[in-house]
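Inspection log for the structure reproduced underneath, given as structure tokens.
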């Protein structure tokens, strides 16, 4: 809390209503240094979380594709998977722990927004890849994987993920026309 930390806080008398977002903005100033910042209640609008979800989906799909290609090459490919996993698992562990910590930071409303936008981004990436794999040229396994990823991605998006409009612009898709 900025006030408890000895900072001067100035809050608007009324809430701000801008482009569908409603909340409060406030100024925090450190009286000792004069440093200050204008902060918005609830912090970000979810764009970072959405893009992190897209990125996580891309990493997952890249690893799955590389593993499938390595398995098809035989024993040397399988050995390369083991070496790759030995390198990547510690990095992914730190990434997942950092991501989880960030997603669960802030107020309850902020956490909900971050998680829904992350899930939406992940769902969009998986379903887009799934559609390309399902309808592209490939073996039956590729088409089956594509269909499964499409269903998983659409499910993630439908069951809890926000749309890009909601995450990037705080707009409900139904509000766009009016």
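Residue numbers (the working numbering): 3 to 180.
Cβ coordinates follow ideal geometry from the N, Cα and C atoms, glycine included.
Computed from a prediction, not measured in an experiment: that's the story for all the values here.
Residue 9 and residue 105 have their C-alpha atoms spaced approximately 26 Å apart.
Listed in chain order, the non-local C-beta contacts of residue 76 below 8 Å within the same chain number zero, local neighbours out to five positions each way being set aside.
Secondary structure note for residue 7: it is in no alpha helix (DSSP H), with a DSSP letter that is neither H nor E.
When the Cα atoms are used, residue 38 and residue 59 turn out to be separated by approximately 37 Å. Here residue 74 is exposed, its C-beta having fewer than 16 other C-beta atoms within 10 Å. If you draw a 10 Å sphere on the C-beta of residue 12, you find fewer than 16 other C-beta atoms in it, and that means exposed.
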